[in-house]
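Below you'll find the structure, written out as structure tokens, and then a few comments.
2 protein chains.
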Amino acid sequence: MSGDAKRESTGRGQARQDSREQVAHREQVARGEQGTREGHGRHEEHGTHEEHGTRPHPEPAKATGSRPTIKTVAALAGVGRTTVSRVVNGSELVSEKAREAVLSAIAELGYVPNSVARGLVTSRTNAVALVIPESESRLGSEPYFSAVIRGVSAALADTRTQLQLTLVRDQAERDQLTQSVAERRVDGVLLVSVHEHDALPGLLESAGLPTVLAGRRREDDPLSYVCADNRGGAATAVRHLLDRGRRRIATVAGPQDMEVGRGRLRGCQEALMEAGIPTEEHLVAVGDFTEEGARTAMRSLLERAPDLDAVFAASDLMAAGVLLELRAQGRRVPEDVSVVGFEDSYLARHTNPPLTTVRQPTEEIGGTIARTLLHEIENPAVPRTRLVLDTELVVRESS
Amino acid sequence: MSGDAKRESTGRGQARQDSREQVAHREQVARGEQGTREGHGRHEEHGTHEEHGTRPHPEPAKATGSRPTIKTVAALAGVGRTTVSRVVNGSELVSEKAREAVLSAIAELGYVPNSVARGLVTSRTNAVALVIPESESRLGSEPYFSAVIRGVSAALADTRTQLQLTLVRDQAERDQLTQSVAERRVDGVLLVSVHEHDALPGLLESAGLPTVLAGRRREDDPLSYVCADNRGGAATAVRHLLDRGRRRIATVAGPQDMEVGRGRLRGCQEALMEAGIPTEEHLVAVGDFTEEGARTAMRSLLERAPDLDAVFAASDLMAAGVLLELRAQGRRVPEDVSVVGFEDSYLARHTNPPLTTVRQPTEEIGGTIARTLLHEIENPAVPRTRLVLDTELVVRESS
DNA sequence: AGAGCTGGTGGGAACGTGCCCACTGAGTTG
DNA sequence: CAACTCAGTGGGCACGTTCCCACCAGCTCT
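Those protein sequences? They're chains A and R, same order as listed.
Note that full-length UniProt numbering gives residue 129 to position 129 of the first sequence, counting from 1, and the numbers run on in steps of one.
Note that full-length UniProt numbering gives residue 181 to position 181 of the second sequence, counting from 1, and the numbers run on in steps of one.
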């Protein structure tokens, strides 16, 4: 950590106020409570603005209350509700004349069907939940999650399906999630980064709610999943290190209660065995997919095996931590130690030196789980999908 | 870009297949169509698994169809529907006896109120949309968005409100968003990164849908907003550079059709004027908040003003691009050129050298816009909130 | 010419909930 | 003791949609 940062207040000469008080004050303001609002060090350009006076939302009643319903449209078009419904839903059994009348009535009134009412009768919400556990690795520092979100969002954009994002940090949020699922606010669930003994997948399965995992729990996971070829990718990475003449290859592995973690470690060990190199216990340290955890793991590896000449880290973020720790201990990369990561996030291009890594198609994983889920929602009797996507070694300067 | 990466197929010895074909095939699989499924280079551990046979979702009919309704509960508890509703919604007008009967019936049946039906009658969905335009800066490479998402999610977790994430890339997705808004699938909208002439905010306002912006369009923006003190923060950054003895201070500004871009440039220029340094046109280049754009801008700055001795970049990501370009052109940071960024994302700690930057409370911005929106939804007559949060200079090694 | 089909149509019911309002019975008041 | 209050209760209705089914007109076929 380059944590020795000096800080100066922006407020230029004015005392830096207690940050807790500041937060509290802000919350009060955000809740609109009337209180002292002079706001030390913060500009309050607040208040009613002239144009709208005391009624800030322009004509909320009219805009909200008098929306045209299917009945209004039917009356204007001179047809029954059913005919309007048929036109809206693209049924063939409507005469050309009636269709035109309905369409022009819809255009005139600016009618948009109420999705909630529709959902009530069809028991479909046209929304899926994307669940991201934030406990172990934070959205933002771990690029994997962002990429998955992008892929999911893109795949969903083609359909009328909405994406409900649920970050799960603690037990309270976990409960809220199960609540949301029980309320049937979504037609299906996408789970990212599942741990082996997580109760949620089983819960979803027994609730009969379509569920697709990004990353499986086991090879024979009963739920549909899409994941990268972790074993194969890791093996390729280690073979690459062997090709570079490295023999003392250490591993910063991922959590062993996740298949990603286990799979990548296993692939690594298989490649070593293949080359006739015995697996040494003290050349393996388990990280938690965070940069800080990887630094700690790396530190312990250097103590246990000072003669190591290469490190395979089970994620780019961990590889970044490995690089920092190696540099802190005066090892040169790649001269003294080669480093390989896993994922090929944009992070890999920005480490120093740029990181050799195993590319996994993260965004495509996102897109594929989304499409798979939509398909399972559409057709509940379809067999489970199990898909393992190829990886690819990207050689840069760290090896 | 360290784009000169060599690539090897993971598939070890087998030919790398055409990637377009691969994608197409995957989509086919994801849609569950029956086709050739041998899957070159990809493992297909697919198919019905033994336990469930041809009916993979366990008892979907029962789980989906026979959920207890308020009527079921009422019957079991020996009360009317209204009483159950009252208990569920925490009304006081229920006898202790009835309440207990209802609660035990709820527990026995595992009753959860149907939020869709509830939404139909209350015309509330208990969901808000978070809209992130992805055209200019990608979620994932720009840490700002992730941090906002975290903040929003955390603030929403305390309530029963769901977060609908909408990434808007192109016009089609834009239309879908307006559609979604028209369908009233959300109670309010959070907008991030709005451009000056964006039609969406006005649309939302005239629709009477509560809307809060992260970052304003103008100082007197008619919509509620929460933003950082861009002008003040930028001025602090430049004053810091002046304190370091720099005099030829260049700026890589943000897009000038956004208030963030304009405000940070203006703060920068104000600080220079304060110090009696004339603003020079050729010391300003406009970037687009991407790393690549910043590199291009930096390149042009170095051509126009080779004697520059400091750069203020309007975002961390752009500062990272500036650092790369400076290094590529053989300038040392901070010896030859000082660099300051804006945001203090985790990125700033990982550049080389670590970046001096203006910290903005991004996650707090997310939390605040969420709370503000909830408050406006709850109480539509509340005056608009305008909140400018303080920034703070964080000094690291790049200056 | 009558029976049978078939494309086109619309009214009724249902989805599950909240809210209005009318009702009950016990307690309080004049 | 009658009138009156009031906490507690439940039935009916509405929310906006889809789906089932009954219906109708025009056509073909025996």
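Note that beta-carbon positions come from the ideal geometry of N, C-alpha and C, so glycine has one too.
Between the CA atoms of residue j and residue i - distance to the nearest angstrom
{"i": "residue 229/R", "j": "residue 261/R", "result": "12 Å"}
{"i": "residue 355/R", "j": "residue 212/R", "result": "31 Å"}
{"i": "residue 328/A", "j": "residue 272/A", "result": "28 Å"}
{"i": "residue 34/R", "j": "residue 367/A", "result": "For residue 34/R, the pLDDT reaches just 33, beneath the cut-off of 50, and the residue's location in the model is therefore unreliable, leaving the point undetermined."}
{"i": "residue 191/R", "j": "residue 370/R", "result": "10 Å"}
{"i": "residue 104/A", "j": "residue 85/A", "result": "14 Å"}
{"i": "residue 161/A", "j": "residue 127/A", "result": "5 Å"}
{"i": "residue 396/A", "j": "residue 247/A", "result": "20 Å"}
{"i": "residue 210/R", "j": "residue 166/R", "result": "17 Å"}
{"i": "residue 218/R", "j": "residue 259/R", "result": "6 Å"}
{"i": "residue 214/A", "j": "residue 74/A", "result": "45 Å"}
{"i": "residue 292/A", "j": "residue 267/R", "result": "36 Å"}
{"i": "residue 101/A", "j": "residue 89/A", "result": "15 Å"}
{"i": "residue 171/A", "j": "residue 76/A", "result": "52 Å"}
{"i": "residue 142/A", "j": "residue 78/R", "result": "53 Å"}
{"i": "residue 72/R", "j": "residue 110/R", "result": "11 Å"}
{"i": "residue 155/R", "j": "residue 236/A", "result": "43 Å"}
{"i": "residue 157/A", "j": "residue 148/A", "result": "14 Å"}
{"i": "residue 263/A", "j": "residue 252/A", "result": "13 Å"}
{"i": "residue 83/A", "j": "residue 194/R", "result": "41 Å"}
Within-7 Å CB hit, residue i to chain R
{"i": "residue 143/A", "result": "yes"}
{"i": "residue 162/A", "result": "yes"}
{"i": "residue 108/A", "result": "no"}
{"i": "residue 165/A", "result": "yes"}
{"i": "residue 300/A", "result": "no"}
{"i": "residue 338/A", "result": "no"}
{"i": "residue 40/A", "result": "Caution applies to residue 40/A, whose pLDDT of 35 falls short of 50 and renders its modelled position unreliable; the model cannot decide the point."}
{"i": "residue 56/A", "result": "Bear in mind that the predicted position of residue 56/A carries a pLDDT of just 41, short of 50, making it unreliable; the figure below should be weighed with that in mind. Taking Cβ atoms only, chain R reaches closer than 7 Å to residue 56/A, which makes this a yes."}
Assumed close pair residue i, residue j - CB separation to whole angstroms, cut-off 8 Å
{"i": "residue 150/A", "j": "residue 140/R", "result": "6 Å"}
{"i": "residue 250/R", "j": "residue 308/R", "result": "4 Å"}
{"i": "residue 257/R", "j": "residue 173/R", "result": "With a Cβ gap of about 20 Å, residue 257/R and residue 173/R do not count as contacting."}
{"i": "residue 337/A", "j": "residue 310/A", "result": "6 Å"}
{"i": "residue 342/R", "j": "residue 313/R", "result": "7 Å"}
{"i": "residue 299/A", "j": "residue 325/A", "result": "6 Å"}
{"i": "residue 125/R", "j": "residue 187/R", "result": "6 Å"}
{"i": "residue 408/A", "j": "residue 340/A", "result": "Chain A is shown from 1 up to 399; residue 408/A falls before or after that span and cannot be answered."}
{"i": "residue 108/A", "j": "residue 224/A", "result": "Contact doesn't hold; Cβ gap of about 45 Å is too wide."}
{"i": "residue 120/A", "j": "residue 120/R", "result": "5 Å"}
Residue i: contacting residues in chain A (beta-carbon distance under 7 Å)
{"i": "residue 146/R", "result": "139, 140, 146"}
{"i": "residue 230/R", "result": "In chain order: nothing, as chain A lies at least about 11 Å away."}
{"i": "residue 180/R", "result": "162"}
Residue i: contacting residues in chain R (beta-carbon distance under 9 Å)
{"i": "residue 116/A", "result": "116, 117, 119, 120, 123, 125, 183, 184, 185"}
{"i": "residue 320/A", "result": "350"}
Neighbour list for residue i in chain R, Cβ cutoff strictly below 8 Å
{"i": "residue 113/A", "result": "183"}
{"i": "residue 176/A", "result": "157, 160"}
{"i": "residue 173/A", "result": "157"}
is_contact[residue i, chain A] using C-beta, thresh 7 Å
{"i": "residue 398/R", "result": "no"}
{"i": "residue 104/R", "result": "no"}
{"i": "residue 150/R", "result": "yes"}
{"i": "residue 196/R", "result": "no"}
{"i": "residue 225/R", "result": "no"}
{"i": "residue 153/R", "result": "yes"}
Proximal residues of chain A, C-beta to C-beta of residue i below 9 Å
{"i": "residue 92/R", "result": "Per Cβ cutoff of 9 Å: no residues; residue 92/R is ~24 Å from chain A at best."}
{"i": "residue 436/R", "result": "Since the displayed chain R opens at 1 and closes at 399, residue 436/R lies outside it and no answer follows."}
Partners in chain R for residue i, counting only beta-carbon separations shorter than 7 Å
{"i": "residue 85/A", "result": "Ordered by position in chain R, no residue passes the 7 Å Cβ test against residue 85/A, which lies about 15 Å from the chain."}
{"i": "residue 193/A", "result": "Under the 7 Å cutoff, chain R gives no residues; its nearest Cβ is about 15 Å from residue 193/A."}
Contiguous alpha helix (DSSP H) assignments of at least 4 residues, all confined to the segment 147 to 198 of chain R: 171 to 182
- prompt: Of all the beta strand (DSSP E) runs that stay within the bounds of the segment 76 to 156 of chain R, which reach a length of 3 or more residues?
  reply: 127 to 133
Uninterrupted alpha helix (DSSP H) stretches inside the segment 292 to 357 of chain A (no shorter than 4 residues): 316 to 328
Secondary structure, beta strand (DSSP E): runs of 3+ residues fully inside the segment 213 to 251 of chain R: 224 to 228
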